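All the letters of the sequence shown, read from the start, carry residue numbers 1 to 273 under the UniProt record's numbering. All C-beta atoms in this analysis are idealised placements derived from N, C-alpha and C, irrespective of residue type, glycine included. Values in this document were obtained by computation on a predicted structure and should not be read as measured data.
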Amino acid sequence: MSVHPGGAGSPFWVELATADPHRSMRFYQRLFGWEYQRVKDSGGQDYVLALLDGEPVAGLRPHPGAILDWTLYLATPDLASACAQVIRLGGTVLETRPAVVPGVGAKLLIDDPSGATVGLVQPAVDYGFTAGVPGSLVWIEFVTRQAELADRFYSHLFGYTQRQFGDGDAVDYMVYSIGPDSVIGRVRMALDTPADVPPRWIAHFAVDPELGFDRTLHEARGAGARLRFAPYSSTLGKVAVLSDPTGTRFALIDPALASDWDYHSAVDDPYGD
1 MSVHPGGAGS PFWVELATAD PHRSMRFYQR LFGWEYQRVK DSGGQDYVLA LLDGEPVAGL
61 RPHPGAILDW TLYLATPDLA SACAQVIRLG GTVLETRPAV VPGVGAKLLI DDPSGATVGL
121 VQPAVDYGFT AGVPGSLVWI EFVTRQAELA DRFYSHLFGY TQRQFGDGDA VDYMVYSIGP
181 DSVIGRVRMA LDTPADVPPR WIAHFAVDPE LGFDRTLHEA RGAGARLRFA PYSSTLGKVA
241 VLSDPTGTRF ALIDPALASD WDYHSAVDDP YGD
């Protein structure tokens with residue numbers, strides 16, 4: 001399990017839009033030891049870089065409304081060209097011009113044809129997104145009810161190879177890969193999910209192995225997180241899906257506790273509301 005270090009289609013930034021930046025910052029600092037650097041984007045808007053050992057792992061920005069998931073940004077070497085391709089493939093570009101964040105790059109949001117919002121980022125020169133280590137992003141799962149539509153869109157946009165796990169019916173889990181690297185797990189939303197529940201991206205952050213899964217989960221709940229689904233084992237690691245104190249969903253994962261048991265065939269949808 002890894003986050004691809006670069007190239008078109010790689011998960012290359014995650015961002016939290018929060019109505020209470022100070023509360024969010026305190027929570028993730030306590031949980032992962034993040035430090036923060038305040039900057040302004042190209043539009044003069046406040047932006048916060050989350051740092052781990054001095055390297056960027058995430059961004060936070062003020063937002064007046066409730067955004068209930070972390071936003072994933074996928075890398076592209078040419079943002080304008082990628083946006084044109086999004087439109088040709090039936091997606092929607094949500095912003096008229098990108099925001100340039102110092103040290104990160106030019107970024108904007110799109111909706112894919114299945115209705116999921118995701119970001120595109122043209123990374124700054126020599127920028128490196130720190131991922132795949134404790135306290136950082138290690139995996140992304142994309143949950144949508146229009147699975148085939150999403151699979152076609154992303155395979156054409158980024159050239160992902162796709163490998164099906166499960167029978168595609170009762171269990172439908174598709175892994176998107178770039179070369180040998182798995183970068184995203186696509187989950188078909190459970191059939192009984194209420195119609196008003198939108199598609200979502202679930203950011204998985206790795207626990208510190210010295211602290212361990214159970215103690216990290218205890219720390220998260222003590223800091224105000226709510227457990228949304230009982231911890232479960234998977235081939236990726238032991239996972240707990242939570243909401244942070246502002247209501248944003250995320251997952252804790254311990255890759256050291258990976259299991260041969262495929263949880264998607266044995267438990268209810270952990271992302272359901």
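Boundaries (first-last residue) of the alpha helix (DSSP H) holding residue i
i, result
"PRO21", "21 to 32"
"GLN85", "79 to 88"
"SER155", "147 to 158"
Beta-carbon spacing of residue i, residue j below 7 Å
i, j, result
"ILE184", "ILE253", "no"
"THR130", "GLU210", "no"
"TYR73", "VAL138", "no"
"ASP46", "THR246", "no"
"ALA147", "HIS204", "no"
"THR76", "ALA84", "no"
"ARG228", "VAL241", "yes"
"PHE142", "TRP201", "yes"
"LEU52", "SER136", "yes"
"ASP208", "PRO134", "yes"
"VAL86", "ALA58", "no"
DSSP three-state assignment for residue i, whether helix, strand or coil
i, result
"LEU236", "coil"
"HIS218", "helix"
"ASP211", "In the sequence on display, residue 211 carries Leu and not Asp. Looking at LEU211 - three-state DSSP - the assignment turns out to be coil, as it is neither helix nor strand."
"SER42", "coil"
"LEU257", "helix"
Neighbourhood of residue i by C-beta distance below 8 Å, restricted to the same chain and skipping five residues each side
i, result
"GLU95", "LEU108 and LEU109"
"GLY103", "VAL39, LEU49, PRO56, ALA124 and TYR127"
"residue 290", "Given that the chain is displayed from residue 1 to residue 273, the structure contains no residue 290 and the question cannot be resolved."
"ARG226", "LEU242 and SER243"
"PRO231", "PHE213, LEU217, LYS238, VAL239 and ALA240"
"PRO64", "ALA19"
Contacts around residue i, its chain only, beta-carbon distance under 7 Å, and the 5 residues preceding and following it disregarded
i, result
"GLY115", "PRO198 and PRO199"
"ASP41", "TYR47, ALA99, VAL100 and VAL101"
"ALA8", "ALA75, THR76, PRO77 and PHE158"
"TYR263", "Unreliable placement is indicated for TYR263, whose pLDDT of 44 sits below 50; no coordinate value is reported for it."
Where the beta strand (DSSP E) containing residue i begins and where it ends
i, result
"ASP126", "Run containing ASP126: none; DSSP gives neither H nor E here."
"VAL183", "181 to 188"
"residue 275", "Past the edges of the chain, shown from 1 to 273, lies residue 275, and the structure says nothing about it."
"ILE253", "249 to 254"
"PRO62", "55 to 62"
"GLY105", "105 to 111"
"ARG97", "That residue, ARG97, is in no beta strand (DSSP E); it is neither H nor E in DSSP."
"ALA75", "71 to 75"
"THR161", "161 to 165"
Residues near residue i by beta carbon distance below 6 Å, same chain, minus five either side
i, result
"SER259", "SER233"
"GLY90", "PRO113"
"GLU35", "LEU51"
Residue from the options with nearest C-alpha to residue i
i, options, result
"GLN164", "ARG152, ALA225 and ARG186", "ARG186"
"LEU149", "ARG188, PRO194, LEU79 and VAL101", "ARG188"
"ASP244", "ALA220, ALA230 and ILE202", "ALA220"
"ARG26", "ASP208, ASP78, GLY222 and LEU257", "GLY222"
"TYR154", "VAL171, ILE178 and ASP172", "ILE178"
"GLN29", "PRO231, THR216 and GLY212", "THR216"
"ALA190", "TYR176, ALA206, VAL175 and VAL171", "VAL171"
"GLN37", "LEU60, LEU31, GLY44 and GLY43", "LEU60"
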